[in-house]
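Per this note's numbering, residue 1444 is the first one in the sequence shown, and the count goes up by one each step.
Taking it in order: structure first as structure tokens, then the write-up.
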Amino acid sequence: MRVTPLEIRQQQFPLRFRGWDPTEVDKFLELVASDMEDLIRDNARLKDGLAKKDQELQRMQQGEEELKKALMAIQQIREEWVGRAAKEAEQVLRDSELKAKQMVKEAERTVEALQQDLQELRRQRHHLLSQIRTILDQHAKLLEAIVSDDEEAGSDDLQRPLLETSETQRNAGGMGQGQHPERDG
């Protein structure tokens, strides 16, 4: 059974001969009641403080749990980003390697085509030079023949073609117009 400070103050004791001094007993009871009230107030204050600390501890534990969850979520997001970045980097590398290979193949095809064009141009040049040499040789021989004929025939021979031309024109007068003996014959 619990005793309250009020019950201590109101407590009455029977008087007996040679018993306790009632004033001293009342003082003592007042002192005990007062101390008990102080203890009850301290106890209530401590209980309130403990309840507040419990609530604060609960909030801190809840905050700690939320922080752990947030850290786990951040870690998961970081791992996803790192994984995604690694995949993207690998893809970029593969794409770059593929593009580089394509560029090399294209360059090789271009070089091959240019080499073929160069060979064709060299062949055409050689053929053209050969034709020019042949023409020059023919003209040189013709020129030599003309010069040689001129030297042998002298200046009289230069006049002979002119005389032959006029005879041919006279003879042609007897033939039909438009006929030429050189062409017919």
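C-beta: ideal position from N, C-alpha, C; glycine also.
Here the structure is a predicted model, which means the values were calculated and not measured.
Is M1479 near P1457, with beta carbons less than 7 Å apart?
-> Start at 1 with the first residue of the sequence shown, and residue 1479 comes out as number 36. Start at 1 with the first residue of the sequence shown, and residue 1457 comes out as number 14. No; because the gap between Cβ atoms is not below 7 Å, this pair is not in contact.
Under 7 Å between C-beta atoms of I1451 and A1487 = As a first step, residue 1451 is located in the sequence shown; it is residue number 8 there, counting from the start. As a first step, residue 1487 is located in the sequence shown; it is residue number 44 there, counting from the start. No; because the gap between Cβ atoms is not below 7 Å, this pair is not in contact.
How is T1466 classed by DSSP in three states: helix, strand or coil?
-> Locating residue 1466 in the sequence shown gives position 23, counting from the first residue. Helix.
Which stretch, first to last residue, makes up the alpha helix (DSSP H) that contains Q1453?
-> Here residue 1453 corresponds to residue number 10 of the sequence shown, with the count starting at 1. First-last of the alpha helix (DSSP H) with Q1453: 1448 to 1453.
Looking at the structure shown, is G1628 part of a helix, part of a strand, or coil, going by DSSP?
-> One-based indexing of the sequence shown puts residue 1628 at position 185. Only weak support exists for where G1628 lies, its pLDDT of 40 falling under 50; the value from the coordinates is given anyway. Coil.
Note down, one range per segment and in chain order, each alpha helix (DSSP H) of at least 4 residues found wholly within the region 1497 to 1583.
-> none
Under the three-state DSSP convention, the category L1458 falls into = The count along the sequence shown starts at 1 and reaches residue 1458 at position 15. Looking at L1458 - three-state DSSP - the assignment turns out to be coil, as it is neither helix nor strand.
Where R1484 falls: helix, strand or coil (DSSP) | By 1-based counting over the sequence shown, the position of residue 1484 is 41. Of the three classes helix, strand and coil, the one that applies to R1484 here is helix, per DSSP.
Whose C-beta lies closer than 6 Å to the C-beta of D1627 among residues of the same chain, with five residues either side of it excluded?
-> Within the sequence shown, residue 1627 is the residue found at index 184, counting from 1. Because the pLDDT of D1627 is 43, which lies under 50, any placement of that residue in the model is unreliable, and the number read from its coordinates should be weighed accordingly. There are no such residues.
Straight-line Cα distance separating V1590 from M1618 | Reading the sequence shown from its first residue, position 175 is the one you call residue 1618. Reading the sequence shown from its first residue, position 147 is the one you call residue 1590. Confidence at M1618 is low in this model, with a pLDDT of 47, below 50, so the placement of that residue is unreliable and no value is reported for it.
Leaving out the 5 sequence neighbours to the left and right, which residues in its chain are closer than 8 Å to M1465 when beta-carbon positions are compared?
-> Counted from its first residue, the sequence shown places residue 1465 at position 22. Per the sequence shown, the amino acid found at residue 1465 is Pro instead of Met. Taken in chain order, the residues that qualify are F1456, L1458.
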